[in-house]
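Order-wise, the sequence lines are chains B and W.
If you read the first sequence in this note's numbering, its first letter stands for residue 1, the second for the next number, and so on.
If you read the second sequence in this note's numbering, its first letter stands for residue 145, the second for the next number, and so on.
All C-beta atoms in this analysis are idealised placements derived from N, C-alpha and C, irrespective of residue type, glycine included.
For reference, the structure discussed in these notes is given below.
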Amino acid sequence: MSISYRFLIVGDAPDDYGHQVLREALSTLGSWQVISEAEVVFVLQAQTYDVVVVDAGAVKSAPEVVSRIRALDCNARVVVVTLSPHWKIARAVFRAGATDYLSKSLSKTEILANFRSILERRVAVVRPDADGGMRNDTGNDSVC
Amino acid sequence: MTQATILFADNDRDFLGTRSEFLEAEGYTVLKAYSLEEARDILDHRRVQLAILDIRLTDDTDAGDISGLELAQEAAYNSLPKIMLTGFPNVEAVRIALRPVVNQLPPAVDYVSKKGEEGRSGAEVLIEAVKQAFAEHVRINWDLRIRWGQQGGLLPPVLVSLIYPDLTRKRLADRSGELEDLFRKLFHGYSHATLGRVLARRQGRILLSAFSYPAQGPGQQFVVSCGHRAKVETERDRYGSFVPQGVGEKSINLEKSVETIHFGAAAYRLGGCVVEEALALTEFYHQQPTARALAVIEDLFSSTLRLWYERAQEKRPQPMEAFCREWLGADGGTLDQTALEKRVAGFSQAALAAGVVGLDCLPHKLVLCSSEGGAEFSYPNPMPYLCEERITVSPPTLCGITHGRVDGESVLVDRTGQTWTVDFGMAGLGPLVRDFVSLETSVKLDMLVGAGLTQRHELERRLLAMHHLGEEIDLEGMSPEVEKALQVIIRIRSQAADTIGPEMEPYLVGLLFCAARRFFDYQPELRYTKGELVIFAHALLSAAMMCRKLVSWEDRLHELPAQASESLWIDADNREVWVEGRRVTLPPLGFRLLQYFYDHPNQLCERLDIAKHVFGVEHSDLRPAEVELMEKDQINTNVSRLRKAIEPNPSYPKYLVTVHGSGYKLVLGDVNRRDES
């Protein structure tokens, strides 16, 4: 029996075809919920998810959203997806604590392969620690 | 900030020169590497806290050159924070460099364009990235005042020499600087730190007491394990997997662990322990009378280690000997017979020259002639036995989570006699007997001092006369120091009997391998004191004596009827029980119970008859409730114990089976019937 994962998509883009493909692909792996970036703190304080997917095209600043999620002491994998990848944004989201940064694909097969790989990997969570440094925690299946 | 040193690797000499000047102007010391090889050489040998690596480190014109990024991904350097530098930034390289990795740094902590960004020059961006990396990832406490042991007895070069004894003088200074960085990372957030003393020295690793003090408020006390990075990481992982963790008295908590390229350190906090006042068990043993040493053994096994043993116990079919071979191999031990015999021969010459012992080493026999009174002992040479796997008396044994190396250094004792274990490098699943034989070996070879080989031989002889682990032995005529050692060993064995059962065989197999392992530490190319040679001679003698005892059982087995090795057989004359080739030790009641079943093979033995004939209780004497209680408390309990002793798998008994609602039946196969006919 395959495991059913819970995904939280931050940033709604109903007219974006890539967003639709993403939702369809994630349906294969489990269930998903879409929220706006304003709701992210509230929802993550109340619910647990395996993966938080931040749609860079549908939020003001993907690095800032990732920072807000990590500030919650949330251990979920945080994946930023984008239609227009750029190395500076990639650098910024990783430095904010993202698990991965993916180009938004229109291929369901490619999306599935990427997310399966992320879910299979034990991941680390990088977040600021009490005396100012960065802490690299062991990732596990426990989430927010 | 003159101590902050950066490796800067770029194959463009002009670029490297100018950018380095900017960094040096900021107070950093820059070690320049113009190639992959130079970069690797600096990483391997110099004191470096951060690396800046050009991605195209081999050929700037080759778009496929990611040699700098590949260097950053090498496991040997994964504890060093790195910044990737490139003139050709791209998303995929950022992903490879910065994607987080479990329990370690990502290949790089930052990714910087040579060309600069957002109105800032490349140099400005790089300097900012370096400052940020030092603050967030290097995290060296430059202001920490460290006292390196009493009167500076634990200065970094001293510690490095303990960890890397073969290091050349040229490399010692850099490695000492790196070790200082390690402690400055470990005690980040404190204003003062003091290293107390070395508690234990292992191969490539030492354990220290350490004390740290914040700018305000009370200090903290730790036991710090530091040494080769891989060894400290292994210990930390084993701690996480096997050591019972919790709060309060006797708890052991990993407070913090840090790494540099070559070193690792882990600070453990021991609940309820005043580390400054605690003694290693060896010191305690020497300073305190026998009664206190016995109380400490009791506390160690019945309280401190009980928490370990209560978890995950099982009787494994894997023979004891297989585990022992794993131990020997686990720490670089070797079972090459030629090499071992050379070592024995080298030892023989050294011992003779020092006047310790005359050792005649024959292929299958060792003759030791002590210098004290000329007594001659002849025993089997244990080396062929250790190499040829001839020890067949190797019964299955109770397994669980063990500390793995309980000895005079890994146990701390406070003034009240409470114990704590440290050093978790060997913690893991295995036979519980391991901890007991490990400590017994340490008593004989580490704690017992001032005894000559003749006395040590007598100690071994008396211990080998024990039939089961709970037995008392004659202490008459021994010197006070040997008598103390014997009493402590008897207490260890008594604790072993309570934990794993009274059988001698697995215990002796464990002792044989522990003694052999200690002898393997002998290095013919080194010179030893007379006292050290006596200890090696004792280890060799001990292994030989264990061998003779085990071989005598092995030989004995060949003389016994077939059912002793193939099934279950009772030697009524000697009151011995043999199950599938191993001798089983039973308490008197257990033996009586089994004898009753054995006298009625393959027959139903009803509970009432068992009560009458084994426990001497007449049914007519009892009320129904008492019958039920008798069955529950005595028969069931004793049958369960008997199964643990005789059955290869007590959960699925093949000999002593239950006949539901009636009683039990001892099932003996064709082998026994053949013999009876």
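Under 8 Å between C-beta atoms, does residue i make it to chain W?
{"i": "R91 of chain B", "result": "yes"}
{"i": "P85 of chain B", "result": "yes"}
{"i": "K104 of chain B", "result": "no"}
{"i": "K108 of chain B", "result": "no"}
{"i": "F94 of chain B", "result": "yes"}
{"i": "T28 of chain B", "result": "no"}
{"i": "Y49 of chain B", "result": "no"}
{"i": "D55 of chain B", "result": "no"}
{"i": "G132 of chain B", "result": "Because the pLDDT at G132 of chain B is just 47, under 50, the model does not fix this residue reliably, and the value given afterwards should be weighed accordingly. Yes, G132 of chain B lies at the interface with chain W (some Cβ there is under 8 Å from its Cβ)."}
{"i": "D100 of chain B", "result": "yes"}
{"i": "K88 of chain B", "result": "yes"}
Report the option in the options whose CA atom is closest to the CA atom of residue i.
{"i": "T48 of chain B", "options": "B:K88, B:V78, B:P14", "result": "B:V78"}
{"i": "Q295 of chain W", "options": "W:T338, W:R283, W:L326", "result": "W:T338"}
{"i": "D567 of chain W", "options": "W:T546, W:R559, W:L323", "result": "W:T546"}
{"i": "F278 of chain W", "options": "W:V304, W:I227, W:R313", "result": "W:I227"}
{"i": "F467 of chain W", "options": "W:G548, W:C513, W:C505", "result": "W:G548"}
{"i": "E399 of chain W", "options": "W:D209, W:L670, W:S784, W:G415", "result": "W:G415"}
{"i": "A660 of chain W", "options": "W:A687, W:Y334, W:K509", "result": "W:A687"}
{"i": "L499 of chain W", "options": "W:F657, W:T673, W:V758", "result": "It is Gly, not Leu, that sits at residue 499 of chain W in the sequence shown. Answer by Cα proximity: W:T673."}
{"i": "H336 of chain W", "options": "W:R635, W:L326, W:F355", "result": "W:F355"}
{"i": "A195 of chain W", "options": "W:H612, W:Q599, W:L229, W:I210", "result": "W:L229"}
{"i": "L530 of chain W", "options": "W:Y808, W:G574, W:E470", "result": "W:E470"}
{"i": "G11 of chain B", "options": "B:E120, B:V80, B:F94", "result": "B:V80"}
{"i": "D50 of chain B", "options": "B:K88, B:L8, B:Y101, B:N114", "result": "B:L8"}
{"i": "L102 of chain B", "options": "B:H19, B:T82, B:A113", "result": "B:T82"}
{"i": "C658 of chain W", "options": "W:F680, W:C417, W:V387", "result": "W:F680"}
{"i": "E37 of chain B", "options": "B:G18, B:K60, B:S84, B:G30", "result": "B:K60"}
{"i": "P732 of chain W", "options": "W:G725, W:V721, W:R726", "result": "W:V721"}
{"i": "E584 of chain W", "options": "W:R319, W:I441, W:Y808", "result": "W:I441"}
Which whole-angstrom value is the C-beta distance of residue i and residue j, which I expect to be below 8 Å?
{"i": "P250 of chain W", "j": "A241 of chain W", "result": "7 Å"}
{"i": "V557 of chain W", "j": "L425 of chain W", "result": "6 Å"}
{"i": "G408 of chain W", "j": "G371 of chain W", "result": "7 Å"}
{"i": "E616 of chain W", "j": "I634 of chain W", "result": "7 Å"}
{"i": "S711 of chain W", "j": "L812 of chain W", "result": "6 Å"}
{"i": "I199 of chain W", "j": "A237 of chain W", "result": "6 Å"}
Kindly list the residues whose CB is nearer than 8 Å to the CB of residue i, restricted to its own chain and excluding five residues on each side of it in sequence; keep chain order.
{"i": "Y172 of chain W", "result": "M145, A148, T149, I150, V274"}
{"i": "L201 of chain W", "result": "A153, D154, N155, S179, L180, A183, D209, S211, G212, L215"}
{"i": "R23 of chain B", "result": "I9, W32, V34"}
Which same chain residues, not among the five before or five after residue i, have their C-beta less than 6 Å away from its C-beta?
{"i": "E625 of chain W", "result": "G594, A595"}
{"i": "R637 of chain W", "result": "L613"}
{"i": "H757 of chain W", "result": "Y740"}
{"i": "R606 of chain W", "result": "I617"}
Report all residues from its chain with a CB closer than 7 Å to the CB of residue i; omit the five preceding and five following residues, and keep chain order.
{"i": "D443 of chain W", "result": "G561, Q562, T563"}
{"i": "E403 of chain W", "result": "S223, R373"}
{"i": "R315 of chain W", "result": "H189"}
Please report whether the beta-carbon of residue i lies at a distance below 8 Å from any beta-carbon of chain B.
{"i": "N234 of chain W", "result": "yes"}
{"i": "L510 of chain W", "result": "no"}
{"i": "R380 of chain W", "result": "no"}
{"i": "P244 of chain W", "result": "yes"}
{"i": "R239 of chain W", "result": "yes"}
{"i": "E182 of chain W", "result": "no"}
{"i": "Y221 of chain W", "result": "no"}
{"i": "E261 of chain W", "result": "yes"}
{"i": "Y523 of chain W", "result": "no"}
{"i": "Y255 of chain W", "result": "yes"}
| query | What residue ranges within the region 192-261 of chain W form continuous beta strand (DSSP E) runs of no fewer than 3 residues, ordered along the chain? | reply | 194-198, 226-230, 254-257
| Residue ranges of each alpha helix (DSSP H) run of no fewer than 4 residues wholly in the region 385-448 of chain W, ordered along the chain? | 425-431, 434-443
| message | Give the list of continuous beta strand (DSSP E) stretches no shorter than 3 residues that lie fully inside the region 326-395 of chain W. | response | 336-346, 349-357, 364-372
| What alpha helix (DSSP H) runs, 4 residues minimum, are completely inside the region 36-75 of chain B? | 40-46, 62-71
| query | What are the complete beta strand (DSSP E) segments, minimum 3 residues, inside the region 644-675 of chain W? | reply | none
| task | May I have a chain-ordered list of the alpha helix (DSSP H) segments no shorter than 4 residues that lie completely inside the region 700-747 of chain W? | result | 706-710, 732-743
| What runs of the alpha helix (DSSP H), each 4 residues or longer, lie entirely inside the region 250-324 of chain W? | 266-277, 300-307
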